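Colleague: Just dropping this structure here.
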Amino acid sequence: GESVGLHLPTLSVQEGDNSIINCAYSNSASDYFIWYKQESGKGPQFIIDIRSNMDKRQGQRVTVLLNKTVKHLSLQIAATQPGDSAVYFCAETVRGGFKTIFGAGTRLFVKA
Amino acid sequence: KAGVTQTPRYLIKTRGQQVTLSCSPISGHRSVSWYQQTPGQGLQFLFEYFSETQRNKGNFPGRFSGRQFSNSRSEMNVSTLELGDSALYLCASSLDSSVLNTEAFFGQGTRLTVV
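Chain order of the listed sequences is A and B. The opening position of the first sequence corresponds to residue 16 in my numbering, with each subsequent residue numbered one higher. The opening position of the second sequence corresponds to residue 5 in my numbering, with each subsequent residue numbered one higher.
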């Protein structure tokens with residue numbers, strides 16, 4: 016498939032290591048945040064979400080941290096696997112705004 | 005449960021033509037959003053529909069339009085195509101974003117190439 020983005024920030028990690036992907040969001044009124052994973056040739060796939068009344072949420076091998084003070088989100092992937100190689104997007108939504116804004120994305124390479 | 009279905013998957017059009025893309029949301033989902041994805045601009049919001057009403061629109065020219073039918077299926081249309089309209093067009097559906105935002109599920113997209 017074609018590249019999602021040719022000039023994205025890139026994170027390269029060794030298989031088995033933990034990965035941390037960061038995102039600065041733009042709107043202080045945003046109250047719902049999602050991380051998506053996009054593999055080549057596919058649409059974005061939901062990974063995990065968090066609402067603004069929380070600062071941490073855990074899923075299977077993934078954790079999202081939200082710092083509203085500095086408008087920062089992070090996605091932590093534990094024990095990164097080759098199948099985690101993809102582009103990761105953060106997205107923000109304002110309740111009632113009916114519009115989701117996506118970050119630029121980060122490309123994650125996992126070295127075997 | 006079937007996912008979001010977009011048709012066609014690939015399309016090649018000539019400058020000046022128009023194109024219509026289709027999106028069938030997940031059964032039961034009433035909100036449908038459209039996005040344009042390009043390497044240079046990333047994922048850009050086009051518009052969102054709920055119960056046949058457009059509730060929000062992104063910063064795109066009027067050549068880009070859409071609609072939603074009573075069965076929640078949606079179409080988007082681009083008229084007078086330009087080379088810069090070449091992109092992956094993604095559709096996403098969600099349960100209901102009128103009260104509380106919920107996660108959106110994306111289709112595989114339609115790859116439009118304008119020559």
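Every residue gets a Cβ at the ideal spot worked out from N, C-alpha and C, and that includes glycine. Treat the numbers as computed from the prediction; the structure is a model and nothing was measured.
1) Exposed or buried, what is A/A39 when buried is set at 16 or more other beta-carbons lying within 10 Å of its beta-carbon?
2) What would DSSP say about B/G113, mapped onto helix, strand or coil?
3) From the beta carbon of A/F104, is the nearest beta carbon of chain B less than 8 Å away?
4) What does the alpha-carbon distance come out to for the pair A/P80 and B/S55?
5) What does a CB cutoff of less than 6 Å around A/Q29 pick up in its chain, not counting 5 residues either side in sequence?
6) Is it true that the CB of B/F51 sits closer than 8 Å to the CB of B/N60?
7) Between the alpha carbons of A/Y51 and B/S78, how many angstroms are there, rounded?
8) Please confirm if B/Q40 has its CB atom under 8 Å from at least one CB of chain A.
9) Checking contacts by CB at 8 Å: is A/P59 closer than that to chain B?
10) Mapping the DSSP letters down to three states, classify A/D64 as helix, strand or coil.
11) I want to see whether chain B comes within less than 8 Å of A/G98, judged by CB atoms only; does it?
12) Residues in its own chain within less than 6 Å of A/N37 by CB, not counting five upstream and five downstream?
13) For B/G88, which three-state DSSP category applies?
14) Apart from the five residues just before and just after B/A108, which ones in its own chain have a Cβ nearer than 7 Å to its Cβ?
15) What does DSSP give as the partner residue(s) for B/L15 in the beta ladder?
16) Can you give the beta carbon distance from A/V102 to A/R76, rounded, assuming they're within the 8 Å contact cut?
17) Spatial neighbours of A/G74 within its chain, please: C-beta separation below 8 Å, excluding the five flanking residues on both sides.
18) Just the chain A side, please: which residues come within less than 7 Å of B/R59 by C-beta, in chain order?
19) Residues in the same chain with beta-carbon distance under 8 Å from A/E17, minus the five sequence neighbours each way, listed in chain order, please.
Modeller: Short version:
1) Taking the first sequence and counting its residues from 1, the one referred to as residue 39 of chain A is at position 24. Looking at its Cβ environment, which holds fewer than 16 other Cβ atoms inside 10 Å, A/A39 is exposed.
2) Translated into the one-based positions of the second sequence, residue 113 of chain B becomes position 109. Here B/G113 sits in coil by DSSP.
3) Within the first sequence, numbered from 1, the residue matching residue 104 of chain A stands at position 89. It does; some Cβ of chain B falls within 8 Å.
4) As a working note, residue 80 of chain A is residue 65 in the first sequence. As a working note, residue 55 of chain B is residue 51 in the second sequence. According to the sequence displayed, residue 80 of chain A carries Leu and not Pro. Each residue's alpha carbon lies about 34 Å from the other.
5) Numbered from its first residue, the first sequence carries residue 29 of chain A at position 14. Excluding sequence neighbours, A/Q29 sits near K126.
6) Here residue 60 of chain B corresponds to residue number 56 of the second sequence, with the count starting at 1. Here residue 51 of chain B corresponds to residue number 47 of the second sequence, with the count starting at 1. Against a cut-off of 8 Å, the Cβ pair of B/F51 and B/N60 comes out as a contact.
7) Here the question's residue 51 of chain A lines up with position 36 in the first sequence. Here the question's residue 78 of chain B lines up with position 74 in the second sequence. Looking at the two C-alpha atoms, the distance is approximately 22 Å.
8) Residue 40 of chain B sits at position 36 when you count from the first residue of the second sequence. No, B/Q40 does not count as interfacial toward chain A.
9) Along the first sequence, one-based indexing puts residue 59 of chain A at 44. So yes, A/P59 belongs to the interface.
10) Mapped onto the first sequence, residue 64 of chain A falls at position 49. Correct three-state label for A/D64: strand.
11) Locating residue 98 of chain A in the first sequence gives position 83, counting from the first residue. Output row for A/G98: interface = no.
12) One-based indexing of the first sequence puts residue 37 of chain A at position 22. Taken in chain order, the residues that qualify are S89.
13) The residue given as residue 88 of chain B occupies position 84 in the second sequence. Three-state DSSP puts B/G88 in a helix.
14) In the second sequence, counting from the first residue as 1, residue 108 of chain B sits at position 104. Result list for B/A108: S37, A96, S97, S98, in chain order.
15) Locating residue 15 of chain B in the second sequence gives position 11, counting from the first residue. BP columns for B/L15 point to B/L116.
16) Position 87 of the first sequence holds residue 102 of chain A. Position 61 of the first sequence holds residue 76 of chain A. Contact flag wrong, Cβ pair sits at about 18 Å.
17) Within the first sequence, residue 74 of chain A is the residue found at index 59, counting from 1. Within the same chain, A/G74 has close Cβ partners I62, I63.
18) As a working note, residue 59 of chain B is residue 55 in the second sequence. Those are F113, listed as they occur along chain A.
19) Residue 17 of chain A sits at position 2 when you count from the first residue of the first sequence. Caution is warranted here: a pLDDT of 36 is assigned to A/E17, below 50, making its placement in the model unreliable, and no coordinate value can be reported.
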